[in-house]
Ligand SMILES: [Zn+2]
Ligand SMILES: [Zn+2]
């Protein structure tokens, strides 16, 4: 998933497309996207400037069509964050060893086809805003269902 894949075996139209602010990183999603989850953890807040809105897909369904500026930052011992080295936009989050990758919903072209479903890591949220949209709120990660 870290390399541009050419000569695709999947010629169908992507489910979604996205890019960073400057366009140096571009990607397509060729499989279902998870509903958007808002993450209020301190790492998402520091790296994005606010809380993060992330959808996700299977790693094999993410196709990087332009990735020369994509860099990965190991934000903890278990996860890394993908961002554009040119414009600084956060794009991806990946748990090491996972077969899924989170995608910052704001990087997707509209219409995205996804809607928000929950707030997570509310115990870690910033003190300067309130969450009043009525969606479920969890103190930490989403409970396994
Ligand atoms: Zn960029
Ligand atoms: Zn987070």
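Residue numbers (the numbering used here): 1082 to 1226. Backbone N, C-alpha and C define an ideal beta-carbon position, used for all residues, glycine too.
Residue burial classification, residue 1143 (beta-carbon count within 10 angstroms, cutoff 16): buried
Chain D contact for residue 1097 (CB, 8 Å cutoff): Looking for chain D here will not work: only one protein chain is present.
Own chain residues within Cβ distance below 6 Å of residue 1168, not counting five before or after: 1101, 1102, 1103
DSSP-derived helix/strand/coil call for residue 1200: strand
Neighbour-count burial assignment, residue 1131, 16 or more Cβ in a 10 Å radius: exposed
Residue 1105 beta carbon near ligand 1 (any heavy atom closer than 7 Å): yes
Inside the region 1087 to 1154 only - beta strand (DSSP E) runs reaching at least 3 residues: 1097 to 1100, 1107 to 1110, 1117 to 1120, 1133 to 1139, 1143 to 1147, 1151 to 1154
Beta bridge counterpart(s) of residue 1163 as assigned by DSSP: 1153, 1173
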